[in-house]
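K.L.:
Following our numbering, the numbering of the sequence shown begins with 4 at its first residue and continues without gaps. Glycine included, every Cβ here is placed at the ideal spot set by N, Cα and C. None of these values were measured; they are calculated from a predicted model. For reference, the structure I am asking about is given below.
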Amino acid sequence: MDGIHQKIDAWMTSPGLYRTSIANPLTRWFTRRRTKQVFDLMSGFVHSQVLLACVKLNIFSIVRQAPVTLEELSTRCQVPAPVLQRLVLSAIALRLLEHRSLSRIGLGALGAPLAAHEGVRAMVEHNHLLYRDMAEPLDFLRDTWRGGMAGYWPYAHSDSPAQDSVAKLDQVGRYSALMAASQNFVIEEIVSAYSFKKHRCMMDVGCGMGRFVAAVAQRESQLNFKLFDLPAVLALTQKNHASLGLESRMSYHPGSFFHDALPEGADLVTLVRVAHDHPDGAVLGIMKRIYQALPAGGTLLLAEPMAQEPGDKPLGDAYFHLYLLAMGAGRYRTPSELTAMLQESGFERVALIPNAMPIHTRLLVARKPGAI
Numbered sequence: 004m005d006g007i008h009q010k011i012d013a014w015m016t017s018p019g020l021y022r023t024s025i026a027n028p029l030t031r032w033f034t035r036r037r038t039k040q041v042f043d044l045m046s047g048f049v050h051s052q053v054l055l056a057c058v059k060l061n062i063f064s065i066v067r068q069a070p071v072t073l074e075e076l077s078t079r080c081q082v083p084a085p086v087l088q089r090l091v092l093s094a095i096a097l098r099l100l101e102h103r104s105l106s107r108i109g110l111g112a113l114g115a116p117l118a119a120h121e122g123v124r125a126m127v128e129h130n131h132l133l134y135r136d137m138a139e140p141l142d143f144l145r146d147t148w149r150g151g152m153a154g155y156w157p158y159a160h161s162d163s164p165a166q167d168s169v170a171k172l173d174q175v176g177r178y179s180a181l182m183a184a185s186q187n188f189v190i191e192e193i194v195s196a197y198s199f200k201k202h203r204c205m206m207d208v209g210c211g212m213g214r215f216v217a218a219v220a221q222r223e224s225q226l227n228f229k230l231f232d233l234p235a236v237l238a239l240t241q242k243n244h245a246s247l248g249l250e251s252r253m254s255y256h257p258g259s260f261f262h263d264a265l266p267e268g269a270d271l272v273t274l275v276r277v278a279h280d281h282p283d284g285a286v287l288g289i290m291k292r293i294y295q296a297l298p299a300g301g302t303l304l305l306a307e308p309m310a311q312e313p314g315d316k317p318l319g320d321a322y323f324h325l326y327l328l329a330m331g332a333g334r335y336r337t338p339s340e341l342t343a344m345l346q347e348s349g350f351e352r353v354a355l356i357p358n359a360m361p362i363h364t365r366l367l368v369a370r371k372p373g374a375i
């Protein structure tokens, strides 16, 4: 196979191939398509900055209310019209905005999700940390944990008790709020794909501000809940649940899932967007603590974005591999890799549950041997 691939590579990179393919009407479409794909790779950073500028200027919310002229938009954004025109035309080219009648600007097909979902806008603004870290990609690769992304997620590149105990309240509040704002899509995928009816008590490990637990609680009246996270995080979680009138069904258990035993009593444990933040050894430790906390026959539901298996068409792989590298010691894993880790922790009957939008999250269910 290597010899065949070498011959294909030599043919694909030969100087005469481009001239031949562009001259032939039967192959010209393919060459144009590939050329556009390469240009899109080169211009991707500009595209992301157009998106960021539109979010920061609140353009999507403005045109969602009603289409506006360039001059009206210039006044509201406080950006000179000749300059703003370039941004608007770029956003139209990216289908974020579109031309409307009477020389007005309206919401484009790809701008609609930005206007509708606060979490998407929050992630767009947050991504500037990643872009800044990767401005010099070789420097980034040689020293990945010195940038803004690693500072934003301090827990993701240390599993020491000191890291947990000295986490600043403002840091905790900042990243917990971002996680909560960006979690709506993940929550919808989980509650649509998995039935909680057969369970009586659910423990969410690394619960954050408890938005996922709150969503499940509002749908499943038979469930009681245990929440496990750092003390500073749980303080925010309790306030959130109190405002929703859910605190009577909740019990809060402060601790570090790197080092502390988890409380027993839940027949379902959920691990939502946690494993990919941490290295293999730490994740194995978390899985083993969950295994110990569950009764015989208990269930672990693991939900997070997962890498595609070799040979599958990638979804968000290029983004998530580098995002998690900038964030800390975590890793973007395939379902097969996570399954092997779950089995090593003692779980059996590990299954990947189909869900509608796997780019948001994928779901693995694993069970502890025995019967409840």
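Who are the near neighbours of residue 99 in its chain, counting only those whose CB is closer than 8 Å to its CB and skipping five residues on each side?
P.N.:
The answer, listed in chain order, is 53, 54, 57, 63, 111, 113, 114, 117.
K.L.:
With three or more beta-carbon pairs closer than 8 Å as the criterion, would you say the stretch 235-247 touches the stretch 268-277?
P.N.:
Because the criterion of three Cβ pairs below 8 Å is not met, the stretch 235-247 and the stretch 268-277 do not touch.
K.L.:
Go to residue 8, then tell me how far its alpha helix (DSSP H) extends in each direction, as first and last residue.
P.N.:
That run of the alpha helix (DSSP H) goes 5-15.
K.L.:
Kindly list the residues whose CB is nearer than 7 Å to the CB of residue 234, restricted to its own chain and excluding five residues on each side of it in sequence; keep chain order.
P.N.:
Here the set comprises 257.
K.L.:
Buried or exposed, going by whether 16 or more other CB atoms sit within 10 Å of the CB of residue 246?
P.N.:
It counts as exposed.
K.L.:
Helix or strand or just coil, what does DSSP make of residue 227?
P.N.:
Strand at residue 227.
K.L.:
With distances taken from CA atoms, which of 33, 67, 364, 228 is nearest residue 204?
P.N.:
It is 228 whose Cα lies nearest to the Cα of residue 204.
K.L.:
State the CB to CB distance for the pair residue 107 and residue 78, rounded to an integer number of angstroms; the pair is presumed to be in contact (CB under 8 Å).
P.N.:
Contact flag wrong, Cβ pair sits at about 14 Å.
K.L.:
Which partner residues of residue 232 appear in the DSSP bridge assignment?
P.N.:
DSSP output for residue 232 lists 257 as bridge partner(s).
K.L.:
Just to confirm the assignment: which complete beta strand (DSSP E) runs, minimum length 3, are found wholly within the stretch 285-324?
P.N.:
Runs of the beta strand (DSSP E) inside the stretch 285-324: 302-307.
K.L.:
How about residue 219 and residue 210: are their beta carbons less than 9 Å apart?
P.N.:
No, Cβ-Cβ distance for residue 219 and residue 210 is not below 9 Å.
K.L.:
Specify, as a first and last residue, the run of the alpha helix (DSSP H) that residue 50 falls within.
P.N.:
Segment 28-59, the alpha helix (DSSP H) holding residue 50.
K.L.:
Look up residue 102 in the DSSP assignment and say whether it is helix, strand or coil.
P.N.:
Strand at residue 102.
K.L.:
What are the start and end residues of the alpha helix (DSSP H) that includes residue 204?
P.N.:
Segment 204-208 is the beta strand (DSSP E) holding residue 204; no alpha helix (DSSP H) there.
K.L.:
DSSP has residue 107 in a bridge; who is on the other side?
P.N.:
DSSP lists 72, 103 as partners of residue 107.
K.L.:
Report the partner residues of residue 351 according to the DSSP bridge assignment.
P.N.:
Note: residue 351 sits in a beta bridge opposite 370.
K.L.:
Using the C-alpha atoms, what's the distance from residue 288 back to residue 123?
P.N.:
If you take the alpha carbons of residue 123 and residue 288, they lie about 32 Å apart.
K.L.:
Pull up the distance between the alpha-carbon of residue 2 and that of residue 225, whole angstroms please.
P.N.:
This structure does not reach residue 2, given that the chain is present from 4 up to 375, and the question cannot be answered.
K.L.:
So the candidates are 324, 362, 358, 367; which of them puts its Cα closest to the Cα of residue 344?
P.N.:
If we check each option's Cα against that of residue 344, 367 comes out closest.
K.L.:
Are residue 300 and residue 371 close, meaning C-beta to C-beta below 9 Å?
P.N.:
Yes, the pair counts as a contact, with Cβ atoms nearer than the cut-off.
K.L.:
Have a look at the DSSP bridge pairing and note the partners of residue 275.
P.N.:
Answer is 306, bridged to residue 275.
K.L.:
Cα-Cα, which of 342, 340, 223, 265 is closest to residue 231?
P.N.:
Selected option, being the one with the closest Cα: 265.
K.L.:
Tell me the DSSP secondary structure of residue 362 in three-state form.
P.N.:
Reduced to three states, the DSSP call for residue 362 is coil.
K.L.:
Would you kindly work out how many angstroms separate the C-alpha atoms of residue 223 and residue 141, rounded to a whole number?
P.N.:
In a straight line, the C-alpha of residue 223 is about 49 Å away from that of residue 141.
K.L.:
Give the straight-line distance between the Cα atoms of residue 327 and residue 362, rounded to the nearest whole angstrom.
P.N.:
Their backbone Cα atoms lie some 15 Å apart in a straight line.
K.L.:
Which residue wins for smallest C-alpha separation from residue 415, given the options 369, 120, 212, 251?
P.N.:
What the structure shows of the chain is the stretch from 4 to 375, and residue 415 is not part of that stretch, so it cannot be assessed.
K.L.:
Which same chain residues, not among the five before or five after residue 153, have their C-beta less than 7 Å away from its C-beta?
P.N.:
Same-chain partners within the cutoff: 160, 329, 330, 331.
K.L.:
Nearest by alpha-carbon distance to residue 306: which of 196, 40, 17, 30 is it?
P.N.:
Measuring from the Cα of residue 306, the nearest candidate turns out to be 196.
K.L.:
Exposed or buried, what is residue 336 when buried is set at 16 or more other beta-carbons lying within 10 Å of its beta-carbon?
P.N.:
It is buried - the Cβ of residue 336 has at least 16 other Cβ atoms within 10 Å.
K.L.:
Taking just the CA atoms, how far does residue 149 sit from residue 302?
P.N.:
Those two C-alpha atoms are separated by around 38 Å.
K.L.:
Run through the DSSP bridge pairs and tell me what residue 356 is partnered with.
P.N.:
The partner list for residue 356 (beta bridge, DSSP) reads 366.
K.L.:
Candidates 348, 109, 105, 80: which alpha carbon is nearest residue 67's?
P.N.:
Minimum Cα distance to residue 67 is reached at 109.
K.L.:
Where does residue 283 sit, in a helix, a strand or coil, going by DSSP?
P.N.:
Looking at residue 283 - three-state DSSP - the assignment turns out to be helix.
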